[in-house]
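Chains as they are written, first to last, in our numbering: chain A, 3 to 173; chain B, -7 to 369; chain C, 0 to 437. Okay, so here's the structure we're looking at.
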Amino acid sequence: MKMMTRATVVLLALATAACTNPDRFGGGAGGAGGAGGGVGGVGSASDPASPAYFNQTIGDRVLFAVDTSTITPEGKAILDGQAQWLLTNADYRSVIEGHADEQGTREYNIALGFRRANAVREYLVSRGVPAGRLEVTSYGKERPIEVCSQESCYAKNRRAVTVLSFSAITS
Amino acid sequence: MQTPGTYISAIGHVGLIGWLILGWGFSAEPLRIETMDVSVVTGEEFEAMLQAARTPEPGEAEPDAPVVPEFDETPPPAPTEEEPNAPAPPPEPVEPPEEEVPPPPPPPAPPVADVTDVAPDEPVVPAPPPPSPDVEISQRPTPRQADTVASTISEPPPPDAQVDDVVRDEVVPDDSAEVEVVEDEQEPTAPEDTTDQIVIEDEAPSGVVETSMRPQVRPSRPTPPAPEVDEPEAETVETPAEPETPEPDVDDAVAAALAAAGAGEAPAVQAGPPMTGSERDSFRVSVNRCWNVDPGSVAARVTVEVGFSLDRSGRVEGNEVRLISSDGDQSATNTAFEAARRAILRCQSGGYQLPADKYDQWKDVVITFDPSGMRLR
Amino acid sequence: MMKRLLTLLVALMLAGPVLAQNGPLRLRITDGVIEPITFAVPSFEAESPQAQQVAADLSRLVVQDLAGTGLFREVPATAFISQVSSFAQPVAFADWRAINAQALIVGAVTVSGNQLVVRFRLYDVFSGQELGEGLQFAGTTAGWRRMGHKVADAVYSRITGEGGYFDSRVVFVSEAGPKDNRQKRLAVMDYDGANLQFLTDSSTIVLAPRFSPNGDRVLYTSYESGFPRINVLNVANVGRQQLTTAPGEMAFSPRFSRDGRQVTYSLSNGGNTDIYRTDLSSGQHVRLTSAPSIETAPSLSPDGSQIVFESDRSGSQQLYIMSANGGEARRISFGEGRYGTPVWSPRGDLVAFTKQNAGRFHIGVMRTDGSEERLLTSSFLDEGPTWSPNGRVIMFSRETQGAGGTSSMYSVDISGRNLKAVPIQGGASDPSWGPLQP
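Right under this line is the structure:
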């Protein structure tokens, strides 16, 4: 069963990569706006070992207050779950993507997104996840998932998303 | 990270990019930057080149001389055509032809239209040209100055109440029906300093601008504060005009001094009636409404002094205006000078309206164009 | 005592002028008007039959360039009293004065094969003098727009005493698609939006291109790898390569040094963003800041000695200036709100910036010591100013609000006047104004 899952993941990854591009989210097809790109949606949410479970049941993202990179209590709860999952499923690596809302200049928001991603990475490492399995990047305000220009949307865009990728190398 | 997918993707992309570059669009002619020999030809060369094509003509328009004649002779008023220019704020009625005629219709508030373009309220300088000693004339300046005063106060209010007076005085000159000649002369001297200071203070509060999109352009630049002192000249009578503004009591001493001075000086005045304050003001106004300042330019930081002579009809002799002094570098000075020259020549129309019986007083003129109060802030 | 002194003073002041009565009449003028200078451009003379169209187009372009600055206003041909039938013919100044044209531009165009020659002269109508000497530009017919821009630049320069900016290009990000799936690609255009050409496809996010001082290369940030990295693109052949930066995961916000040999940029590592400089030929890196705060958007002074950048070391985004080699920085922005993306003006006297305050974005300028701050624009989202080569105009991005929001580029005179959209199709952002072309 596990083999099947892996095979599926690889196939999907191939398909996705092939028709989009090196930048997973550039084409907007597989990346879903940076909201859980990579192997997101693979498997069943009811299978604790599946990325779908990670993304949907545990939660692949944490949100931030305006112009901050402090992990909230709710965020910590989610990250605790992520850390647990990552420790259990050692075949996966992840790239943590930091994002910002549109209320800010482009450069600053990239730097701010990086701060957010790094805050998540440090938290996960503090929970025992090997640092080598976690990379960070930031899209600043380039990849919002909500498009309205109101706080309700901004709140969802100020996020750090843990994007899983399957890696045979680490297992 | 190095999954097969990545490789496949990479290969796919290389292919795609390659296709894009080779088979499509920009690759073929990437930014074609037309190499054009932009050759700069010197004056002589250029002339030489033109020789061929050119019919034997006298020197092209370079020399003023030829120009002048045309100017005078061509009486094409064609006022109609001008209209199309609509917004032409300046003296459109420029009809070279009628010189002598002291056109009374001169400055009737030039189309203030231009102001519109400029969001910032351009101080509509519709100068009420009436040379007649109307108190009203100075109105336009008055408002501005008022602003200035206000700002000044808000800031570091100058020491004495005097300051106020000074400011108003400025206004006064414009308004005052008849101020003595003396006044004018002084303007260039001491009084100006006062003005500048005030201006600077105004500038300081630049922070205010934050709110407004546009710079509040020139807050009324306090013009040459004509110290009242001058007024007292020969004609005591006029003195009252000056004080128009509430210039009351402030200084009995000064008043007394002025009175005394006036009395004593009167005799000293040269033969020939001196120009009155309003005569000077109307002259000044008729020039400054053609003086176009570009606050964003480097030239707007340069003050130039230019001189010219007028013939009895009030027209610039030989259309010649010369630069006397400047406080800027050459390029900026040149630009500032050309703007000043344009103002003088453009607004002369058929000749500046000046009192014929005082020709000796205005035969030679020196004007200082100081844009420091019009800078962006 | 006081009174006596005053009296004496007054008496002296009065006496001076009176005694000098024989001198010229002296006036001081401090109040001018702010209005466009009027000019007339009779259609350039076509000296060969094939030149007809180009002559007409070229004349119109000169008019567009000049009038587009907001500093000049065209006197329409319908108002002309006399026509200029020949370039060599003497100018009837009175006819131009009568319609209040302050400047007159006459020109002639010759076409032979694909070769185009343009000549022109500029006159100050009221003084009846020619400003400068006649000039001639030679090129190909395909490059006629550049020739027109050249003529307009020369006219602009002679009248204003400052350099022009019409014969210049702008590199920017062309955008398409909704906010949550925006496609971005690099493109270049003439300053007026003409001759649009793409430099990359839209397969990956590209941001903030920056022209090199001579316009031959473009630095930009690309997400090709999933991480922001700096690329250098050769404009002539569209070849590109990744900049070798100091070790780190993310590099962005690059700018060339004035000599084009070095790149100053931001590098993020471990959650911290600092400013670095890399020498393009030696590949050596220098770290210029080392604060735990965000330091980004570096921009060098024209003489290369200083860098203005933004930092949130004080708790919010503000502008700072430091030596080009790093070290102590002094804060120059003190107004309310946040300040970012500073750009040093080519003239060296001003810094343009983006300001956020009370829910609005502004483009503004301040002197390099932080004084005389002036905001030039205000909108839901304005950002990323870039200077025209002569330091007179600022172009920037403006994004509109809401789900259907789009980005476009605008320009504004540093006086705050003449705000207008750059006329190009589709969305556009992150303009970088290149140099005046040779």
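Glycine included, every Cβ here is placed at the ideal spot set by N, Cα and C. Source: prediction; values computed, not measured.
Whole-angstrom distance between Arg144/C and Ala137/C, CA atom to CA atom = Ala137/C and Arg144/C have their C-alpha atoms roughly 12 Å apart.
N-terminal and C-terminal residue of the beta strand (DSSP E) that Lys183/C is part of = Gln182 to Asp189
When you compare each of Ala291/B, Arg334/B and Glu271/B to Cys282/B by their alpha carbons, which one comes out closest?
-> Residue Arg334/B is the option with its Cα nearest to Cys282/B.
Determine which residues of the segment 35 to 47 of chain C have a Cβ less than 8 Å from any Cβ of chain B, and write them out in chain order.
-> Pro35, Ile36, Thr37 and Glu46
Using Cβ-Cβ distances below 7 Å, what residues of the segment 335 to 362 of chain C are close to chain B?
-> none
Contacts around Gly176/C, its chain only, beta-carbon distance under 8 Å, and the 5 residues preceding and following it disregarded = Gln182
What three-state label does DSSP hand Ala245/B in the structure shown?
-> Low per-residue confidence applies at Ala245/B: pLDDT is 47, beneath 50, and the placement is therefore not dependable, though the value from the model is reported in the following sentence. The answer is helix: DSSP assigns Ala245/B an H, G or I state.
With a 10 Å radius around its C-beta and 16 neighbouring C-beta atoms as the bar for buried, classify Pro437/C as buried or exposed.
-> exposed
Mind checking if Gln345/B is an interface residue toward chain C, Cβ cutoff 8 Å exclusive?
-> No, its Cβ sits nowhere closer than 8 Å to a Cβ of chain C.
For Glu153/A, write down the residues that DSSP places opposite it in a beta bridge.
-> DSSP, once it has assigned bridges, lists no residue as partnering Glu153/A.
Measuring alpha carbon to alpha carbon, tell me which of Ile80/A, Ala113/A and Ala85/A ends up nearest Asp273/C.
-> Ala113/A
Run through DSSP, which three-state label would Ser428/C get?
-> strand
Nearest to Ser289/B by alpha carbon, out of Trp432/C, Ala357/C, Leu349/C and Gly131/C?
-> Ranking Trp432/C, Ala357/C, Leu349/C and Gly131/C by Cα distance to Ser289/B puts Leu349/C first.
Within 8 Å, strictly: CB atoms of Ala291/B and Met366/B = no
Using a Cβ cut-off of 7 Å, pull out every chain C residue sitting near Arg117/A, in sequence order please.
-> Residues of chain C whose Cβ lies closer than 7 Å to the Cβ of Arg117/A are, in chain order, Gly270.
On the three-pair Cβ rule with 8 Å, is the segment 350 to 367 of chain B touching the segment 294 to 308 of chain B?
-> Put simply, the segment 350 to 367 of chain B touches the segment 294 to 308 of chain B. At least three CB pairs are less than 8 Å apart.
Chain C residues whose Cβ lies nearer than 9 Å to that of Glu208/A = Nothing can be reported for residue 208/A, as the shown portion of chain A is limited to 3 through 173.
Assign Leu16/A to one of three DSSP states: helix, strand, or coil.
-> Note that Leu16/A scores a pLDDT of 40, beneath 50, so its modelled location is shaky; the value from the coordinates is reported in the next line. Correct three-state label for Leu16/A: helix.
Under 8 Å, do Asp152/C and Leu435/C count as touching if we go by C-beta distance?
-> yes
Name the DSSP beta bridge partners of Gln322/B, please?
-> Gln322/B is not bridged to any residue.
Do you know how far the Cα of Thr295/C is from the Cα of Arg276/C?
-> Within the model, the alpha-carbon separation for Arg276/C versus Thr295/C is close to 12 Å.
Please classify Ala137/C: does DSSP put it in a helix, a strand, or coil?
-> strand
Coil, strand or helix - Trp471/C by DSSP | Because chain C here runs from 0 to 437, residue 471/C falls outside it and cannot be looked at.
Paired residues, beta bridge with Ala162/A - DSSP = Looking at the DSSP assignment, Ala162/A forms a beta bridge with Val64/A and Gly100/A.
Quick one: which chain C residues come within Cβ less than 8 Å of Pro287/B?
-> Ile33 and Ser414
Kindly indicate which three-state DSSP category Asn208/A falls into: helix, strand or coil?
-> Only positions 3 to 173 of chain A appear in the structure, and residue 208/A is not among them; the question remains open.
For Ala348/B, which residues in chain C fall below 9 Å Cβ to Cβ?
-> Those within 9 Å of Ala348/B in chain C number zero; the least Cβ separation is about 14 Å.
Indicate whether at least one CB of chain C lies closer than 8 Å to the CB of Tyr94/A.
-> Judged by the 8 Å Cβ criterion, Tyr94/A is not in contact with chain C.
In the structure shown, what three-state DSSP assignment does Lys143/A receive?
-> coil
Apart from the five residues on each side of it in sequence, which residues of its chain come closer than 7 Å, Cβ to Cβ, to Asp464/C?
-> Chain C is shown only over 0 to 437; residue 464/C falls outside these bounds and no answer can be derived.
In whole angstroms, what separates the C-alpha of Thr244/C from that of Gly282/C?
-> A straight-line Cα-Cα distance of about 8 Å links Thr244/C and Gly282/C.
Work out the CA separation of Gly415/C and Leu368/B for me, nearest whole Å.
-> 9 Å
Touch test, the segment 95 to 110 of chain C against the segment 41 to 54 of chain C, Cβ-Cβ under 8 Å, three pairs minimum = yes
Flag Asp123/C as yes if its beta-carbon sits less than 8 Å from any beta-carbon of chain B, otherwise no.
-> Residue contact with chain B for Asp123/C: present (Cβ-Cβ distance below 8 Å to some residue of chain B).
State the start and end residues of the unbroken beta strand (DSSP E) segment that holds Tyr264/C.
-> Unbroken beta strand (DSSP E) run through Tyr264/C: Gln261 to Asn268.
Below 8 Å between beta carbons: does that hold for Glu398/C and Ser406/C?
-> Yes, Cβ-Cβ distance for Glu398/C and Ser406/C is below 8 Å.
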